[in-house]
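Working notes, structure below.
Protein chains: 2
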Amino acid sequence: MSLTELLSIAEAEALIAQHMPSFGSERIRLDRAAGRILRQAVHAEHDHPPFDRVMMDGIAVRWSASLPREFTLAGSQMAGMSMQTLADATGCIEVTTGAMLPIGCDCVIPVEQLRRDSAHYQLIDGYQPSRGQFIHARASDCVAGTRLLEAGMRIGAPEAALLAANGLASVEVGKTPSIAIVSTGDELVDVGSSLGEGQIRRSNDIAIATALRLHGFDRIALEHIADDVAATQDRLTRLLGEHDVLILSGGVSMGQRDYVPAALDALGVRRVFHRIAQRPGKPMWFGIGPRQQAVFALPGNPVSALVCAIRYVKPALLVSLGMKPAPTEVVRLEAEVDTNPMLTCFVPAYVQTDAQGRSVARPVPARTSGDFSALPHTHGVVQLPPGNARVPAGSVVEFHRW
Amino acid sequence: MSLTELLSIAEAEALIAQHMPSFGSERIRLDRAAGRILRQAVHAEHDHPPFDRVMMDGIAVRWSASLPREFTLAGSQMAGMSMQTLADATGCIEVTTGAMLPIGCDCVIPVEQLRRDSAHYQLIDGYQPSRGQFIHARASDCVAGTRLLEAGMRIGAPEAALLAANGLASVEVGKTPSIAIVSTGDELVDVGSSLGEGQIRRSNDIAIATALRLHGFDRIALEHIADDVAATQDRLTRLLGEHDVLILSGGVSMGQRDYVPAALDALGVRRVFHRIAQRPGKPMWFGIGPRQQAVFALPGNPVSALVCAIRYVKPALLVSLGMKPAPTEVVRLEAEVDTNPMLTCFVPAYVQTDAQGRSVARPVPARTSGDFSALPHTHGVVQLPPGNARVPAGSVVEFHRW
């Protein structure tokens with residue numbers, strides 16, 4: 001297959017988006033919802049604040065142009081108490097932050113501006129309060145029924161605050177799919193085993209799982225399949241029965257032991273595409289199973305697998321949870337990068353904001369797609385479009401975080 | 001207390017840093033380590049790659065200036081097999097990606113450049129292989145013993161890959177502290193209860209918990225204390241016995257019901273500071289308990305509490321886990337902002353990268369420190385230093401994410 005017949009990045013993304021299933025939604029407790037994707041709109045349960053709310057500790061009085069300098073203590077209105085009434089313009093009611101403003105009052109004078117003398121409060125010399133001060137008026141933030149949150153938002157601290165303030169002890173969120181991450185290859189041994197001749201440790205599965213766990217995917221199984229056609233078929237049959245998403249690494253190139261595409265085909269997983277005009281990650285394969293399982297088969301090289309996982313798999317899974325896609329991050333290249341004019345190239349990069357507030361990327365090219373020893377000192381990959389053999393310093397390019 | 005006597009942001013940060021305890025470390029399974037902070041260095045267990053590694057599916061041959069165009073199949077070397085030997089320069093060994101390079105070979109020819117004819121492989125017309133091609137040489141990524149990861153790194157996908165590749169089935173990480181998040185105030189009711197007159201729902205606790213959970217803090221209890229001096233004392237006694245960190249909200253101003261500072265003092269929690277020259281969040285209090293518990297007492301207003309939590313509490317906790325602090329993010333202001341020349345002001349902002357790769361912040365000022373209804377459409381707060389009544393558009397300022 002010549003390079004010009006391969007899919008572009010945009011074509012691959014569009015095909016994935018067209019075919020990805022939804023994983024539905026579920027109702028979970030609010031205190032378990034950090035990082036989950038909201039699948040409901042949220043409206044104000046009541047006015048915010050629900051009453052004229054005192055903003056300072058002090059006294060509440062009835063303002064006038066001829067406001068007295070001394071007030072007789074006529075009661076107290078603490079936060080959480082039902083509403084008191086001030087009968088008299090020469091009187092005052094002690095108030096605390098968060099209390100309802102007492103009936104008959106329209107001015108709060110903070111304790112720092114007061115002297116207390118048994119049953120009286122005096123304004124300190126020179127202090128001139130104004131009408132309406134330190135009152136957070138009912139409904140001034142929003143009126144009951146205002147739409148506050150939309151489906152598709154990720155639940156961080158501000159969203160959690162609004163959910164709680166509006167009485168949502170449980171919340172409808174995107175249901176996380178059951179994901180199997182499957183490495184293939186006879187040369188791969190478990191992290192806990194000792195290495196024999198010709199062996200290396202499995203690392204793609206844990207790397208991809210870590211990337212997904214950091215985005216809230218919590219139902220992940222790690223599996224390994226040896227290079228054997230019958231074993232591949234058997235295990236894939238079981239995994240397709242048990243999971244919503246399969247992410248395979250290895251076995252998708254053109255070698256005689258690349259059993260994965262044929263095995264998937266035999267199991268009714270319909271190929272949507274195979275190969276993208278990119279480096280690394282050209283052999284990536286994507287298909288849809290008979291029960292709408294999403295199957296991503298990534299190359300086995302560590303850098304290739306990770307790039308495909310963060311560039312295609314993670315965003316597709318987040319959209320399937322219901323997340324509204326965030327704008328793509330862009331960065332300025334600090335140095336020129338040699339690239340392949342026929343392929344989109346992904347190059348690991350260290351990113352920092354400079355003194356002008358620009359995100360600047362220092363490319364850290366991996367020597368081979370098997371070399372991942374330098375990746376921990378990078379933040380992700382810059383995406384360099386095809387067309388030129390060299391992308392100059394100062395170019396603004398897409399950036400995708402690990 | 002006049003504004004000039006308050007602590008600056010930098011002074012408050014330095015005092016917190018001086019006093020924060022370490023929470024120690026623990027050994028956990030690698031597949032549970034996403035987002036945790038590494039507390040050990042990691043060195044290469046062996047050379048990477050550990051052998052001369054084949055990078056393509058195809059054949060391995062012995063290169064020479066007079067390389068034949070046809071090779072006799074003399075064996076196969078699959079990934080994971082122990083090393084084969086090529087006896088003869090006219091022969092070839094079938095190889096798969098990830099296999100050891102057979103002895104006697106120094107060139108890999110990819111399957112795309114070959115035609116197979118029973119027991120022979122022929123180079124396709126015009127193809128000229130070069131010596132050493134498609135071989136990922138032993139130790140070319142790094143030699144055994146190379147330092148690959150340092151203590152203080154957060155475990156994301158690339159770090160997890162290296163941990164796995166070097167045989168660390170378990171890993172030493174910062175132990176997360178046991179944290180109690182405590183709201184105070186009679187006006188506050190639980191998210192699941194119905195609202196009475198003068199009441200609002202608790203939301204600071206869940207907001208702070210959500211912010212911390214998203215950074216890997218998983219041992220969090222939510223508590224509520226009514227405005228009662230004896231209850232405050234009793235509950236704080238128990239909480240100081242059970243937790244490493246207390247984060248209180250409310251009860252730290254100057255009102256007659258602000259029992260928190262006195263109660264903490266009576267329990268032997270030594271005040272490190274009270275009040276910072278900032279808006280919102282001026283009344284923030286920080287102290288250290290008799291068992292080195294860190295106690296943060298934040299103001300009760302939702303915006304104030306959240307700003308203090310993300311600006312001081314979260315970074316301090318991450319450093320105490322052993323995390324190497326990341327450089328502070330900076331952004332350009334898209335619009336001018338009115339500010340208070342005596343105080344550092346935090347203003348919620350929406351941040352996006354523009355076409356030049358600059359992070360641009362659109363300020364979304366909250367009308368009051370009680371108004372959090374607009375926060376979900378922002379990404380964090382810009383930090384505007386004191387000194388001017390207005391910060392002009394185009395200024396580059398610190399940005400702190402929710």
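Going down the list, the protein sequences come from chains A and B.
Counting along the first sequence from 1, when you hit position 216 you're at 216 in the UniProt record's numbering, and nothing is skipped either side.
Counting along the second sequence from 1, when you hit position 301 you're at 301 in the UniProt record's numbering, and nothing is skipped either side.
Cβ atoms here follow ideal geometry from the backbone N, Cα and C, with glycine treated the same way.
Using a Cβ-Cβ cut-off of 8 Å, residue 60 of chain A is close to nothing in chain B; its nearest Cβ partner there is about 13 Å away. Using a 10 angstroms sphere on the CB of residue 301 of chain B, the tally of other CB atoms reaches 16 or more, which defines it as buried. If the five residues before and after residue 378 of chain B are omitted, its C-beta is found closer than 7 Å to the C-beta atoms of 348, 349, 350 and 364, all from its own chain and listed in chain order. Between residue 47 of chain A and residue 144 of chain A the beta-carbon gap is near 5 Å, inside 8 Å, which marks them as a contact.
The residue from A:53, A:80 and A:75 with its alpha-carbon nearest to that of residue 106 of chain A is A:53.
Secondary structure at residue 304 of chain A: helix, using DSSP grouped into helix, strand and coil. Residues of the region 348-359 of chain A with a Cβ closer than 7 Å to any Cβ of chain B, in chain order: 352, 353, 355, 356, 357, 358 and 359.
If you ignore the 5 residues before and after residue 401 of chain B, its C-beta comes within less than 8 Å of the C-beta of 310, 329, 379 and 380, all in its own chain and listed in chain order.
With its beta carbon less than 9 Å from one in chain B, residue 142 of chain A belongs to the interface. Along the region 209-220 of chain A, the positions whose C-beta sits under 8 Å from a C-beta of chain B are 209, 210, 211, 213 and 214, read in chain order. Contact annotation: residue 270 of chain A and residue 283 of chain A have beta-carbon atoms that are not nearer than 9 Å. Collapsing the DSSP output to three states places residue 127 of chain B in coil. When C-beta atoms of the region 85-98 of chain A are compared with those of the region 50-68 of chain A, three or more pairs fall below 8 Å, so the two segments count as touching. When Cβ-Cβ separations below 9 Å define contact, residue 310 of chain A makes contact with chain B. The residues 58, 123, 124, 127 and 129, in chain order, have a CB closer than 8 Å to that of residue 113 of chain A in the same chain once the five nearest residues on each side in sequence are set aside. Taking 9 Å as the cut-off, the Cβ atoms of residue 368 of chain A and residue 360 of chain A do not count as close.
Inclusion of residue 294 of chain A and residue 177 of chain A in the CB contact set at 9 Å is warranted, their separation being smaller than that value. In this structure, residue 152 of chain B lies near residue 322 of chain B, with their beta-carbon atoms less than 9 Å apart. For residue 402 of chain A, the residues of chain B that pass the 7 Å Cβ criterion are 156, 157 and 158, in the order they occur in the chain. Proximity of residue 327 of chain A to chain B, defined by a Cβ-Cβ separation below 9 Å, is satisfied.
Going by beta carbons, residue 250 of chain A and residue 98 of chain B fall inside the 9 Å limit. At a beta-carbon threshold of 8 Å, none of the residues of chain B lie near residue 19 of chain A; the nearest stands roughly 25 Å away.
Among the CB atoms of chain B, none fall inside 9 Å of the CB of residue 249 of chain A. Counting of Cβ neighbours within 10 angstroms places residue 195 of chain A among the exposed residues, the total staying below 16. At a Cβ-Cβ threshold of 9 Å, residue 169 of chain A and residue 397 of chain B do not count as neighbours. Straight-line spacing of the CA atoms in residue 100 of chain A and residue 246 of chain B works out to 29 Å.
Between the region 334-344 of chain B and the region 230-239 of chain B there are fewer than three inter-stretch CB-CB distances shorter than 8 Å, so the stretches are not counted as touching. In this structure, B:146 is the residue among B:5, B:66, B:146 and B:87 with its C-alpha nearest to the C-alpha of residue 49 of chain B. Within 7 Å of the CB of residue 302 of chain A, the CB atoms of chain B belong to 161, in sequence order along the chain.
A residue is called buried when at least 16 other Cβ atoms come within 10 angstroms of its Cβ; residue 102 of chain B meets this threshold and is buried. Taking residue 240 of chain A as reference, the option from A:156, A:65 and A:288 with the minimal CA-CA separation is A:288. Of the other Cβ atoms in all chains shown, 16 or more fall within 10 Å of the Cβ of residue 204 of chain A; this residue is therefore buried. When beta bridges are read from the DSSP output, residue 377 of chain A appears opposite no residue. Taking a beta-carbon distance threshold of 9 Å, residue 340 of chain A does not count as an interface residue toward chain B. Runs of the alpha helix (DSSP H) lying entirely within the region 144-220 of chain B, each at least 4 residues long, are 157-165 and 204-213 in chain order. Note that the C-beta distance between residue 298 of chain B and residue 252 of chain B is below 9 Å.
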